[in-house]
Amino acid sequence: MIEILHPGETARAKDTGALVAGILQTLRNRITVGTNLLDIDRWTRTMILEAGALSCYVDYAPSFGRGPFGHYICTAVNDAVLHGRPHDYELADGDLLTLDLAVSRDGLAADSAISFLVGGAEPPESVALIDATERALAAGVAAAVPGARVGDISHAIGAVLGAAGYPVNTEFGGHGIGSTMHQDPHVANTGRPGRGYRLRSGLLLALEPWAMEDTAELVTDADGWTLRSATGCRAAHSEHTIAITDDGPEILTLAQQ
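So the sequence shown is numbered by the UniProt record's numbering: it starts at 1 and just counts up by one.
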């Protein structure tokens, strides 16, 4: 299903996006060396419920997972990159942490992810990896103009990741979003320009470049959810929900400075 929202619905989605961005910013500011992933999940639950919102993850049970996800946020550490299931782990100095959060409020969902280093250690390879996903996300957003095609976004993202030397996995990528978290169209993280669905005002997309340092192959943890790099290398993930408008793309999940 591809959903086209009217302006009032887009405004509501913007409110949800602001909530998602605010929660992620609060978590980033609160997380330190020694923070437990289960505490991050509990903090997220509290903030979602206090806002009168709903988690898109707790009851999420797609075909690729193992039963309901059962948590309020994805927490991926170091070689984990997608669907990281919170577990009893205390973060160490220099860990590369990805937080991925999707929330629904007033019938509209928003989805965003950030990757950052915990503590004071900043391994150069990890800094470069995070930076590449953020630059790829910016390129994808810039390409998301009315009349362009999904392939134009994919090409823009893939060009940045490829130029930085990272292999690109196309199994998981961006997606449409609206009254539900995952909708068509699929937005691969590399592709051919001029191909795919034509963008129009009212379409919401969650763009999510992610990359692993030296492989495009994923393996699944015993929990049935957490996806890791097949080689054990580090991974990073950046995501925004955007709205296609007549004036160009608008980021709905941008944190307030």
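We put the beta carbon where it would ideally sit given N, CA and C, even for glycine.
Residue closest to residue i, alpha-carbon to alpha-carbon, out of the options
i           : options               : result
residue 171 : 60, 90, 165 and 210   : 210
residue 82  : 90, 89, 64 and 88     : 64
residue 43  : 22, 60 and 61         : 22
residue 118 : 212, 97 and 244       : 97
residue 36  : 67, 93 and 108        : 93
residue 115 : 11, 185 and 240       : 240
residue 251 : 138, 213 and 55       : 138
residue 80  : 242, 223, 245 and 244 : 223
residue 51  : 17, 78 and 60         : 17
residue 136 : 110, 165 and 120      : 165
Rounded C-alpha distance that separates residue i from residue j
i           : j           : result
residue 238 : residue 157 : 11 Å
residue 151 : residue 185 : 11 Å
residue 67  : residue 220 : 14 Å
residue 27  : residue 1   : 33 Å
residue 248 : residue 10  : 14 Å
residue 33  : residue 76  : 15 Å
residue 29  : residue 123 : 20 Å
residue 60  : residue 53  : 15 Å
Expected contact under 8 Å - CB spacing of residue i and residue j to nearest Å
i           : j           : result
residue 24  : residue 255 : 7 Å
residue 148 : residue 199 : 5 Å
residue 196 : residue 155 : At roughly 10 Å, the Cβ-Cβ gap does not stay under 8 Å, so residue 196 and residue 155 are not in contact.
residue 110 : residue 13  : 6 Å
Residues near residue i in its chain [Cβ-Cβ closer than 6 Å; skip 5 each side]
i           : result
residue 100 : 74 and 113
residue 202 : 4 and 5
residue 193 : 151, 152 and 155
Close Cβ partners of residue i (< 7 Å) along its chain, the five nearest in sequence each way excluded
i           : result
residue 216 : 167, 168 and 169
residue 72  : 41, 44, 45, 48, 55, 57 and 58
Is the stretch 176-190 touching the stretch 220-231, taking contact as three or more C-beta pairs under 8 Å?
no
**Q.** contact_flag[the stretch 76-93, the stretch 141-151] where n(CB pairs < 8 Å) is 3 or more
**A.** no
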